[in-house]
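Numbering (the working numbering), first residue to last: 23 to 167. C-beta atoms are modelled at their ideal positions from N, C-alpha and C, and glycine is treated no differently. On a predicted model such as this, the values are computed, not experimentally measured, just so you know. In what follows, a single structure is set out as structure tokens and then discussed.
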Ligand code: HEC
């Protein structure tokens, strides 16, 4: 009899413990905290949106946002993202940015090459934002500055 009671009590405790979990999850609202790297990406996206606007408004020179220089020192959402391949991609990206800063080709061409460079790394690391990044591209109907 006693044994059954003990089993019963522990069963109830177990069920109660299991039931607690979803309640706790509901209590703690699921607020997505962006990582340092994600915030840096948003900054790069924003600064490129401004740059895009300047080009469309006829600017005669431009400077790519320099935030990319911190890519490897920013904490990513998923630990391990900043691996050797990521480091190679960011070095390649930084080089492309510097090369595109000036040159004989049109600003639209150089800006769009920069967009390609964003997407290049995203093919390897984080495909989700690619459609969002594509929106930066200046189409031929928009400008040939
Ligand atoms: C060297 C690789 C690399 C390059 C270059 C790169 N990205 Fe990213 N990007 C990432 C990774 C990895 C993440 C995921 C970051 C995380 O979740 O911590 C990311 C995330 C993002 C996000 C989503 C941020 C969010 O809200 O969670 C956007 C938008 C983005 N990148 C835009 C860009 C743009 C625009 C460029 C070019 C100006 C660019 N990225 C260049 C690797 C790169």
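Next on the checklist: Quick check on residue 105: buried or exposed, where buried means 16 or more other Cβ atoms within 10 Å of its Cβ?
Outcome noted: Taking the first residue of the chain shown as 1, we reach residue 105 at position 83. Classification of residue 105: exposed, given that the 10 Å Cβ count is below 16.
Checklist entry - Which residue spans inside the segment 57-109 form an unbroken alpha helix (DSSP H) run of at least 4? => result If we require 4 residues or more, the alpha helix (DSSP H) runs fully inside the segment 57-109 come out as 58-78.
Item to check | residue 163 versus residue 77 - alpha carbon distance | outcome: For the purposes of this step, residue 163 is identified with residue 141 of the chain shown, where counting begins at 1. For the purposes of this step, residue 77 is identified with residue 55 of the chain shown, where counting begins at 1. Distance between the alpha carbons of residue 163 and residue 77: 14 Å.
Next on the checklist: I'd like to confirm something about residue 59: is its beta-carbon nearer than 6 Å to some heavy atom of the ligand HEC, or not?
Outcome noted: On the chain shown, position 37 is the one that residue 59 refers to. Indeed, a heavy atom of the ligand HEC lies less than 6 Å from the Cβ.
Next on the checklist: Which of the three DSSP states is assigned to residue 126 in this structure?
Outcome noted: Here the question's residue 126 lines up with position 104 in the chain shown. In the three-state DSSP reduction, residue 126 falls in the coil class, being neither helix nor strand.
Next on the checklist: Let me check you understand the geometry: is the CB of residue 95 closer than 6 Å to at least one non-hydrogen atom of the ligand HEC?
Outcome noted: Here residue 95 refers to the residue found at position 73 of the chain shown. Placement of the Cβ of residue 95 at a distance of 6 Å or more from every heavy atom of the ligand HEC is found.
Item to check | Beta-carbon proximity list for residue 98, same chain, < 7 Å, skipping 5 on both sides | outcome: For the purposes of this step, residue 98 is identified with residue 76 of the chain shown, where counting begins at 1. For residue 98, same chain residues with a beta-carbon under 7 Å away, outside a window of 5 residues either side, are 57, 59 and 104 in chain order.
Checklist entry - Who are the Cβ neighbours of residue 116 in its own chain at under 7 Å, not counting the five residues just before and after it? => result To locate residue 116, count along the chain shown from 1; it is residue 94. By the criterion of a C-beta distance shorter than 7 Å, residue 116 is surrounded in its chain by 90 and 91, once the five residues flanking it on both sides are discounted.
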